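J.:
Residue numbers (the working numbering), protein chains in the order written: chain A, 1 to 363; chain B, 1 to 311.
In structure tokens form, the structure reads like this:
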């Protein structure tokens, strides 16, 4: 195929096929859920209508859509950075939790100060806490060869237990004046300002979009991003050309975890204003689907995070209207993930490009 | 001293076996799948679906039918993973992650459909009762530990040598290992790579389903959302620790089972450590165990995780 400049510079075969796959995946997911709804005795079309009405039909609904988009976008970026380096960070939920803990701590321990400084301190604390929770599996992988998938799952559970402990009856972060297992509320100066009347929507959404652009620049316009992608594409070639695999594994997982921590901090400072166990309703797991559907490209992830934001906020309305459990969304999520994982359509289209190794596998 | 006796009482060892059982089954599933060259981090989801179906089956038809249904559902999930990773050549970690996500959501959708006004937790259902082993239970100490257990505990313990035999002493096992090490060579010798992987991954799902069923209709008597709590992943860690062999994995599983039983007994004995911190003990131990393997991991099947393209 003769390629013109534009085509070869900005679009390649892989991303074209990934885009087709993404669109097909979303349709296929709704198609499957259509039949699940039919089988469980619901009328699918009004249910789908309620899903979108919930997400767009009211000022509050739209605010909630963008509100959910924020942590999904940040989490999706976290997953994407690691994925570009060939790492599978399914530990974002734990990293979000740690980020939330740190942000809440500095949020209520520091009394009222200049809001810009206070929010900044809390966000940095969240980033650092999440970053540490990402650094650990990175270090364990680089130094001891522990597969990150297993270590991050263990760290997830440990993070959940830490959060539960901190706000439990004897926990050090428990609000002694409240019966709820939660921390005290953060100071007013630590709260991220809301931007839409009668909604909970706050500045975090702009922050998240800004971070997406930064991560795009990092991955595709900076030397570090190039090295990260080189390690992900072909670690041996990267190593041979002087890029340290180990160093970049640790660094990438720390960045990935930091993005999760940022998501957790923003969630606490902008939405809940206090820490309680399981404050993140699975954003870290949805982040996997967000990143994959967004073709692991920060700009694509902005779009896919918005789609998942729609599903998140719309599903609440859907459940209230028709009694369809909002976990129906997780089925949509799962199917989209399945679809994005497939490589056969690409395999067939690019058949002549597949070269096998000596043992019959393809790297 | 009194505390020590309490902590290391015979009940701790008996519950070690019970707690280790689902992890043993998951790690056996891991051995089957990964020996054939398919990474299976979907064990967690397969267990969860197995646990859910077992409860549904037990509610409508009784505990043993529930068990069967749980095992078959696990197998079906295994088949799905095989279809994705063998036929469609999906990224195996992504495919399994999808299974894990679905396994958290699907039961939550179905529970209120099956049982009105129940959300996230099923009602209690008939369970598979513990049995007494006639002769063994009368032996002191040993009898107290293994003489009175759930049938699935015994099944799991029997499956360890059985799976080991299957993998290392039978023709089928040799073929499964061959496609996990060098699929092209196996293919050249006339072994059907796809079929071997389908068989192995489906068996892996069946085992995970059994582990899940044990959790919901033997260890407990109901299903609750995400009740597997990472046991599928701990099973995988045990498999790695046991270097992809059932017998090695068994030891690791017993270690984790002991950690969990120990923290439970420490809690009831009133050790002044917060329960949430105690509960994280098995997860911390898993991490420490994996770190302790430093330098010894070179035994992963060579073609593990790589799709095979028929010529």
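Where is the CB? At the ideal position from N, CA and C, for every residue including glycine.
Being a predicted model, the structure only gives us computed values, none of them experimental.
Which of the three DSSP states, helix, strand or coil, is assigned to residue 308 (chain B)?
T.: Three-state result, residue 308 (chain B): strand.
J.: According to the neighbour-count rule (16 or more other Cβ atoms, all chains shown, within 10 Å of its Cβ), is residue 295 (chain A) buried or exposed?
T.: Under this definition residue 295 (chain A) is a buried residue.
J.: Using a Cβ cut-off of 8 Å (strictly closer), state whether residue 280 (chain A) contacts chain B.
T.: Not an interface residue.
J.: Under 8 Å between C-beta atoms, does residue 81 (chain A) make it to chain B?
T.: For residue 81 (chain A), the answer is no, since every Cβ of chain B falls outside 8 Å of its Cβ.
J.: Beta-carbon of residue 325 (chain A) versus every beta-carbon of chain B: anything under 8 Å?
T.: Yes, residue 325 (chain A) counts as interfacial toward chain B.
J.: Taking DSSP as the reference, what is the three-state secondary structure of residue 279 (chain A)?
T.: The answer is coil: DSSP assigns residue 279 (chain A) none of H, G, I, E or B.
J.: Residue 93 (chain A) to residue 140 (chain B), Cα distance in whole Å?
T.: Near 47 Å, if we compare the C-alpha coordinates of residue 140 (chain B) and residue 93 (chain A).
J.: Is residue 194 (chain A) helix, strand or coil when you go by DSSP?
T.: Strand at residue 194 (chain A).
J.: Does any CB atom of chain B fall closer than 8 Å to the CB of residue 330 (chain A)?
T.: By this cut-off, residue 330 (chain A) is an interface position.
J.: Determine the burial state of residue 234 (chain B): buried for a count of at least 16 other Cβ atoms within 10 Å of its Cβ, exposed for fewer.
T.: So residue 234 (chain B) ends up on the buried side.
J.: I need the DSSP call for residue 132 (chain B), collapsed to helix, strand or coil.
T.: Residue 132 (chain B): strand per DSSP, three-state reduction.
J.: When Cβ atoms are compared, which residues of the segment 135-164 of chain A fall closer than 8 Å to chain B?
T.: Listed by position along the chain: 140, 143, 144, 145, 146, 147, 149, 150, 151, 153, 154, 155, 156, 157, 158, 161, 162, 164.
J.: Which same chain residues end up closer than 6 Å to residue 273 (chain B) when comparing Cβ atoms and leaving out the 5 residues on each side of it in sequence?
T.: Closer than 6 Å at the Cβ level, and outside the excluded window around residue 273 (chain B), lies no residue.
J.: For residue 176 (chain B), I'd like the list of residues in its chain whose CB is within less than 6 Å of its CB, leaving aside the five on either flank, ordered along the chain.
T.: Answer for residue 176 (chain B): 35, 36, 196, 200, listed in chain order.
J.: By how many angstroms is the C-alpha of residue 283 (chain A) removed from the C-alpha of residue 64 (chain A)?
T.: One C-alpha to the other measures close to 14 Å.
J.: Report the rounded CA-to-CA distance for residue 210 (chain A) versus residue 50 (chain A), giving the unit in angstroms.
T.: Between residue 210 (chain A) and residue 50 (chain A), the C-alpha separation is close to 31 Å.
J.: Could you say which of A:36, A:316, A:292, A:116 lies nearest to residue 188 (chain A) if we only look at CA atoms?
T.: Of the listed residues, the one whose Cα sits closest to residue 188 (chain A) is A:116.
J.: Would you list, in chain order, the members of the segment 173-202 of chain A that have their beta-carbon closer than 8 Å to a beta-carbon of chain B?
T.: Per Cβ criterion, the list is empty.
J.: Quick one: residues in its chain with C-beta nearer than 7 Å to the C-beta of residue 47 (chain A), no 5 flanking neighbours on either side, listed in chain order?
T.: Here the set comprises 37, 318, 322, 324.
J.: Taking the alpha helix (DSSP H) that residue 262 (chain B) falls in, what are its first and last residues?
T.: Here the alpha helix (DSSP H) through residue 262 (chain B) covers 246-268.
J.: Considering Cα atoms alone, identify which of B:20, B:66, B:27 is closest to residue 243 (chain B).
T.: Considering only alpha carbons, the answer is B:27.
J.: Can you list the beta strand (DSSP E) stretches of 3 or more residues lying completely in the segment 288-343 of chain A, in chain order?
T.: Complete beta strand (DSSP E) runs here, min 3: none at all.
J.: Taking only beta-carbon positions, decide if residue 106 (chain B) is within less than 8 Å of chain A.
T.: Yes, residue 106 (chain B) counts as interfacial toward chain A.
J.: Between residue 100 (chain A) and residue 306 (chain A), which are expected to be in contact by the criterion C-beta below 8 Å, what is the C-beta distance as a whole number of angstroms?
T.: 22 Å between Cβ atoms; not a contact.
J.: So, under 8 Å CB-CB, residue 299 (chain A) and residue 212 (chain A) are touching, yes? Tell me the CB distance rounded to an integer number of Å.
T.: Sure, about 7 Å apart at Cβ, within 8 Å.
J.: Are residue 312 (chain B) and residue 282 (chain B) close, meaning C-beta to C-beta below 8 Å?
T.: Residue numbering for chain B in the displayed model covers 1 to 311; residue 312 (chain B) lies beyond these limits and cannot be assessed.
J.: In chain A, which residues lie less than 9 Å from residue 230 (chain B) when you measure between Cβ atoms?
T.: Within 9 Å Cβ-Cβ: 153, 154, 156, 157.
J.: For residue 266 (chain A), decide whether its Cβ has a neighbour in chain B, counting only Cβ atoms nearer than 8 Å.
T.: No, residue 266 (chain A) does not count as interfacial toward chain B.
J.: Going by DSSP, which residues form a beta bridge with residue 224 (chain B)?
T.: B:121, per the DSSP bridge assignment.
J.: Within its chain, find whatever has a CB closer than 7 Å to the CB of residue 224 (chain A); leave out the 5 residues flanking it on each side and keep chain order.
T.: Cβ neighbours of residue 224 (chain A) beyond the five flanking positions: 218.
J.: In three-state DSSP terms, what is residue 15 (chain B)?
T.: Three-state DSSP puts residue 15 (chain B) in a helix.
J.: Let's see if you can read the secondary structure: which residues bound the alpha helix (DSSP H) around residue 44 (chain B)?
T.: Per DSSP, residue 44 (chain B) belongs to the alpha helix (DSSP H) from 43-61.
J.: Since residue 100 (chain B) and residue 44 (chain B) should fall inside the 8 Å C-beta cutoff, what is the C-beta to C-beta distance between them, to a whole number of angstroms?
T.: With a Cβ gap of about 5 Å, residue 100 (chain B) and residue 44 (chain B) count as contacting.
J.: Just the C-alpha distance for residue 107 (chain A) and residue 185 (chain A), rounded to the nearest angstrom, thanks.
T.: Each residue's Cα considered, the two are about 8 Å apart.
J.: Would you say the segment 112-128 of chain A touches the segment 147-157 of chain A, given that touching needs at least three Cβ pairs under 8 Å?
T.: Output reads no: the segment 147-157 of chain A does not touch the segment 112-128 of chain A.
J.: Consider the Cβ of residue 112 (chain B): report whether some Cβ of chain A lies at a distance smaller than 8 Å.
T.: Cβ-Cβ to chain A under 8 Å: yes for residue 112 (chain B).
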